[in-house]
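Chains G and D supply the protein sequences, listed in that same order.
Everything in the first sequence is counted per the working numbering, starting at 122 for the first residue and increasing by one.
Everything in the second sequence is counted per the working numbering, starting at 122 for the first residue and increasing by one.
Every residue, glycine too, gets a C-beta built ideally from N, C-alpha and C.
This report refers to the structure that appears directly beneath it.
2 protein chains.
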Amino acid sequence: MEWLIAPVSSILSILLGLFLFSYVTRKDSGTERMREIAGAIQEGSRSFLKTEYTYLAVFVAVMAVILSIALNVKIGVTYVFGTICSALAGVIGMEIAVKANVRTANAAKKGGLSSAFPIAFRGGAVMGLMVVGLALFGISLIYWLTGDPEIVLGMSIGASTLTLFMKAGGGIYTKTADIAADLVGKVELGIPEDDPRNPAVIADNVGDNVGDCAGSGADLFDSYIAAVMSAMILGGAMQIAYLETVPLVFSGLGIISSIIGVAVVRVGKGGDPGKALNLGTYVTCILFGILTFAATSWFGYDLKIWGATVVGLMAGIIIGMTSDYFTSINRPPAVKTAEAAQTGAAINILTGFSYGLISVFPALLGIAIGSAVAYALYGVFGVGMAAVGMLAIAGTIIAGDAYGPIGDNAKGIAEMSNLGEEVIEITDQIDAAGNTTKAITKGFAIGAAGLTALALLASYQEIVKSLTGRTIGFDLMNPLVMMGVFIGMAIPVVFSAMIILGVSKNAFRMIEEIRRQFREIPGLMEGTGRPDYAACVNIATKGALRELMPLIIFSISTTLIVGFVAGVRALAGYLSGAIFSGFFLAILMANAGGLWDNAKKYVESGFFGGKGSDAHKAAVIGDTVGDPFKDTAGPSLNTLVTVISQIASLFAPLIIAYALIGL
Amino acid sequence: MEWLIAPVSSILSILLGLFLFSYVTRKDSGTERMREIAGAIQEGSRSFLKTEYTYLAVFVAVMAVILSIALNVKIGVTYVFGTICSALAGVIGMEIAVKANVRTANAAKKGGLSSAFPIAFRGGAVMGLMVVGLALFGISLIYWLTGDPEIVLGMSIGASTLTLFMKAGGGIYTKTADIAADLVGKVELGIPEDDPRNPAVIADNVGDNVGDCAGSGADLFDSYIAAVMSAMILGGAMQIAYLETVPLVFSGLGIISSIIGVAVVRVGKGGDPGKALNLGTYVTCILFGILTFAATSWFGYDLKIWGATVVGLMAGIIIGMTSDYFTSINRPPAVKTAEAAQTGAAINILTGFSYGLISVFPALLGIAIGSAVAYALYGVFGVGMAAVGMLAIAGTIIAGDAYGPIGDNAKGIAEMSNLGEEVIEITDQIDAAGNTTKAITKGFAIGAAGLTALALLASYQEIVKSLTGRTIGFDLMNPLVMMGVFIGMAIPVVFSAMIILGVSKNAFRMIEEIRRQFREIPGLMEGTGRPDYAACVNIATKGALRELMPLIIFSISTTLIVGFVAGVRALAGYLSGAIFSGFFLAILMANAGGLWDNAKKYVESGFFGGKGSDAHKAAVIGDTVGDPFKDTAGPSLNTLVTVISQIASLFAPLIIAYALIGL
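This is how it looks when you write it as structure tokens:
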């Protein structure tokens, strides 16, 4: 019964999360003006979530009925349970973010960096601890009730579909607002970022919360569940009894490591927030390695399982670190991209895009070698455990990631409330450290999702085997498999294209609205008129949902069509194809986007003519191209691949029974 | 002995090509001024080819020695033969292009469209007929001498490596010149395109020849040989004796169809060049279908072989037509991209990129369904014949494609020689029809290369089987195969990134040079000073070769490393991965690039503010981003994948014997 470590540690994690929530909430939220701005952001964020969840309730209800009828009621119920957990994680993350931002700004004014940093970080930690706590608690509960990891699949896919809406919908929202605010504000009118005269400024700040904060938390939430579940399925299929619960034990130890890792993060007077965040990550990783090694000896697990787990963790860190290299502001890729901006926007874009392409190489190599070594150590179960190992430290990773938008928002509030240069500088420092963790987290999340997808592919094969009684190979020279690969490759490609077009379309609408307000509201430019923030929030919210729904239905139905027409082999090829192009595009978009962003910041910091120069204008165009890459399309792709992989596993029994082209 | 159709038809094709060559050369080359400009272009083109071939002679010699020692002397000799054929095709295509351009311009002045069009088209036809004639003649010769299609592999890879240099080197050259000429000329100084005051204008026109004309001809040359060869290998491995020569028979009939198709292309007074070109393609396709059907009945071939061939042809046409849809100037994708330019360059780029992504979907579907149907009809040999079917009409396709840069150059010469508005309009009409054929050809070439790569993968498996005596499966769940896929995917990705960076770097150098000339040469802007064209040509040539060599060595050596370290299975995964990402990137880059180009032209034709408006400036940035996409990186990827696939087949015996991880 050593797997009870999982529920115990997850309950601990949830309790600590709640404690930190009340810690942050008790802090002072500042002046009237600050509360007003924070209130507007909070209101916008809540209204977005409310609208989104209202639509989603219908979608979830329909899906639950379909799953209950087509498969069984247990799956339907756990599906709903998964969506509720995911929604809860999103709501909590959002609520804490909109409370922590203003309090961070206020603390920066009152006590400087050493007072402000803990609020921002602990706000992020609420998200991190709640996400992993809820996820592992949910898995443990279902496993305790049913003893069958395949039922966890229901919860996992519930979490994944909701995450897809959160990531992609939030991504459309945030970039609609960001692009529109920047293009009209900075480029056309020459007013600064986060200027309260800009009608899109609240929507922009809301976007940081709904896209970056709630979205990223939900992202790792769904990969986390999928990884643990598929490792349990793969372990359960092996002949050794304890393997099914090893993923639970190791994940529980991962949560304990994360709790300690989060606790050690602090920054003294004049300290460096970036270093403090890194320390937390290192402590978590090392502790995880030690604790799992101890558990392996204690419970008599095969040492190779531990090896595979650590290989996964290391692959995740390597992918995260290369992401950091390719996007960091003072590394050659960003500097050269900034330099290219002197020759105009086109060369700036081409240079950034090329480095983005190159950055895919180490990530592909990391996944390739990581999964091959894990397989060599312990077969497909080794691959599953590598994914678990990568995601075990998710608590700390999410904490650092959710910290980012809190800092970003704090800076925005400080600027809009005129808290003075010194406070803005402190919040800027907090924000800058957040950008690095964000880059690492993105690489990490994509790597984790990549390994998880491979584990899901393996568990799909396992499920097919358990249903048919024989191992079905997925040979590339089988024309159905090859056809599947080509069609599957198209799914992430079309998905990201449509979602970017969605952002453009939506941004177009909002740009018209901002221009209208500046034209029609008297005294807006002079600061005497009051902009209609709500109109912009509204455009962003409704547009995001309108663009998204058909895409998700397209992805799910294509998966089912391929399965029911061309059979299980074609579907395996299809999933592989989606993994290939999805992983490639996710890395490319995240890194190229981050790179253009930092190349712009590099120019802004005074190089190549600095702010207002032609190079700066060119770099701003590059940054705008990168915005939907890194914050909309890129981060949705992981989840998309996870969703369709799980759909395939879930419908495997029906596909085997009814497909036009059989085994 | 029915396969003697192949050498007979190829000799016919070469003779007709030579006849048309002398037809074009006999035409009047116009005024002193025109001859001067054409002479400069000719000189620049020849100097590029000369420098390139000098470097390549060393490379080819080293490769030939390695191949002779590592494998056998026959391979070494046929390798050299292949490179010579490819070089010959390039030289002839280039020579006729630089002669036909000025004669087309002159004929437009003297006799209007109906006199000018045949010169441009027959110039293109020289290239088309010579390429397929030389290719099929070479294959027939080697087959006649050795009776072994695997020896043709030596010729095929010789052609492919040279093509890779031509395409990629020419691509870097042409875009270096194009970007630099545009950015300084049009954007900074506001002088028109093809203005003789611009020092880069000759390099730009040379670029059209070396990149578009010589390059594209060589591109289909190498796919053509590879397709025929791999179909012969696959046919030879089957139990029915006649299968080995069916690819030769069908290719011979394809050449006869192309000769007739080329002959029917003519345009009357006030006729439409685009329609005339399309007619040629349709006639060729229908004739090919009829002739091969007749041959199938006459020689008693299995009707399913004919079916697979026609399926390939149809897949090629569909991919070409969707490319046309996604890039045509008055179709929704280009119009919406142009519309987006009103909101600035970023949204214009995002929109075009998104449509480029979407355009990958039908192409993937075409390849997926085409190859699966061909396989269902006749196994892997069916896939090989589908590739042959797609490429059988290459003669007509290349003719239409090579016509493009001739028209483009004719227009340039007409502008630079001040032949007047009316003549420019006629050459413009010729040029515009060329842009459409160019779009179709690109889609077609990529599709053909995709199918050919699949056939090469199958023949790789066949070669491994013949060496080991057993069929080695390439199962995706085998960790070596999966690792291979991930690493293989990286090759086209890194290659295209490095080549784009090469263009940027090179363009950067040339921009400095153009600015220097405008600064230092007195009276240049006023038209009294004489620009130093040769300096720009020089920068483009040397830079192209300097950027390219390490890339090609990187690609070949990675292939060998994967093979010798991780064995034949990993290498199969690696080739598949390269096909996946290569095909995807090739389509994306070709179509997105073409789309931005035409979106710009749409704005220039008077929409959304027309020339000089903000939308136009934004569209020009998009076009510049697209330039290296569509003319440098995109078209090189086919050939890259063909090269590494053939390297794998060629070294299969050594890899099986010496790889660290064996079977």
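Within 10 angstroms of the Cβ of A149 of chain D, are there 16 or more other Cβ atoms? Answer buried if so, exposed if not. It should be noted that the sequence gives Asp, not Ala, for residue 149 of chain D. Exposed: under 16 other Cβ atoms inside 10 Å.
Taking the Cβ atom as the reference point for each residue, do I381 of chain D and G254 of chain D lie within a distance shorter than 8 angstroms? no
If we ignore side chains and look at the alpha-carbon of each, how far apart do A218 of chain D and G521 of chain D end up? 13 angstroms
Return the first residue and the last residue of the alpha helix (DSSP H) that Q638 of chain G is part of. Where Q638 of chain G is concerned, the enclosing alpha helix (DSSP H) starts and stops at 600 to 641.
Give a yes or no on whether 8 angstroms exceeds the smallest Cβ distance from I632 of chain D to chain G. yes
Taking 8 angstroms as the threshold (C-beta atoms), are A769 of chain G and L692 of chain G in contact? Taking a C-beta distance under 8 angstroms as the contact criterion, L692 of chain G and A769 of chain G qualify as a contact pair.
Residue range of the unbroken alpha helix (DSSP H) whose run includes A397 of chain G: 394 to 420
According to DSSP, which residues form a beta bridge with L744 of chain G? Going by the sequence as given, residue 744 of chain G is Asp instead of Leu. The partner list for D744 of chain G (beta bridge, DSSP) is empty, contrary to what the question assumes.
Run down chain G in chain order and give the residues with a C-beta less than 7 angstroms from the C-beta of M131 of chain D. Correcting the residue identity first, residue 131 of chain D is Ser in this sequence and not Met. The contacting residues do not exist; S131 of chain D stays about 32 angstroms from chain G at best.
Residues of the segment 587 to 602 of chain D with Cβ closer than 8 angstroms to any Cβ of chain G, in chain order: G594, F595, D596, L597, M598, P600, L601, V602
Using a Cβ-Cβ cut-off of less than 8 angstroms, give me the residues of the segment 614 to 639 of chain D that come near chain G, in sequence order. V614, V615, S617, A618, M619, I621, L622, V624, S625, A628, F629, I632
Consider the Cβ of A773 of chain D: report whether some Cβ of chain G lies at a distance smaller than 8 angstroms. no
Taking its Cβ as the centre, do 16 or more other Cβ atoms sit within 10 Å of S678 of chain G, making it buried, or is it exposed? exposed
Given 8 angstroms as the limit, is there contact between the segment 620 to 636 of chain G and the segment 293 to 303 of chain G, that is, 3 or more CB pairs closer than that? yes
Tell me whether M353 of chain G is buried or exposed, calling it buried when 16 or more other Cβ atoms sit within 10 Å of its Cβ. buried
Any chance you could list the beta strand (DSSP E) runs of at least 3 consecutive residues sitting entirely within the segment 500 to 533 of chain G, in chain order? none
Mind checking if A611 of chain D is an interface residue toward chain G, Cβ cutoff 8 angstroms exclusive? yes
Starting from the Cα of G477 of chain D, find the closest Cα among G:P317, G:I323, G:A618 and give me that residue. G:A618
Can you tell me which of G:F180, G:G306, G:L578 puts its alpha carbon nearest to the alpha carbon of N632 of chain G? Checking the sequence shown, residue 632 of chain G turns out to be Ile, not Asn. Nearest of G:F180, G:G306, G:L578 to I632 of chain G, Cα basis: G:G306.
Residue span of the alpha helix (DSSP H) that contains P454 of chain D, given as start and end: 453 to 461
Considering only residues of the segment 358 to 390 of chain D, which uninterrupted alpha helix (DSSP H) runs meet the minimum length of 4 residues and lie entirely inside it, listed in chain order? 367 to 384
Selected residue, minimal CA-CA separation from L285 of chain D, among D:V212, D:T760, D:S580: D:T760
Closest Cβ-Cβ distance between F701 of chain G and chain D: below 8 angstroms? yes
Taking C-beta pairs closer than 9 angstroms, name the residues in chain G that S492 of chain D reaches, listed in chain order. P600, M603, M604, F607
Kindly give me the distance between the Cβ atoms of S766 of chain G and Y581 of chain G, rounded to whole angstroms, as I take these residues to be in contact under 8 angstroms. 7 angstroms
Report the rounded CA-to-CA distance for I660 of chain G versus R640 of chain G, giving the unit in angstroms. 18 angstroms
Tell me whether the beta-carbon of A746 of chain G lies closer than 8 angstroms to the beta-carbon of L572 of chain D. Residue 746 of chain G is actually Val in this sequence, not Ala. Their beta carbons are not under 8 angstroms apart, which means V746 of chain G does not touch L572 of chain D by this criterion.
Report yes if the CB atom of N330 of chain D is closer than 8 angstroms to the CB atom of P526 of chain D, and no otherwise. Cβ atoms of N330 of chain D and P526 of chain D: closer than 8 angstroms.
For T458 of chain D versus A226 of chain D, is the C-beta spacing smaller than 8 angstroms? no
Going by Cα to Cα distance, which pick from G:Y174, G:R147, G:L274 is closest to G203 of chain G? G:L274
Within 8 angstroms of any Cβ in chain D, is that where the Cβ of Y446 of chain G sits? no
Quick check: the segment 504 to 521 of chain D against the segment 366 to 384 of chain D, are there 3 or more CB pairs under 8 angstroms? Note that the segment 504 to 521 of chain D touches the segment 366 to 384 of chain D; at least 3 beta-carbon pairs, one per stretch, sit closer than 8 angstroms.
Out of curiosity, what's the CA-to-CA distance linking A324 of chain D and I158 of chain D? 12 angstroms
Can you tell me whether G232 of chain D is buried or exposed? The criterion is at least 16 other CB atoms within 10 Å of its CB, across all chains shown. Under this definition G232 of chain D is an exposed residue.
Where A178 of chain D falls, given that 16 or more other Cβ within 10 Å makes a residue buried: Around the beta carbon of A178 of chain D, fewer than 16 other beta carbons lie within 10 angstroms, which makes this residue exposed.
Please report the residue range of the alpha helix (DSSP H) in which K148 of chain D lies. Neither: K148 of chain D is in no alpha helix (DSSP H) and is coded neither H nor E.
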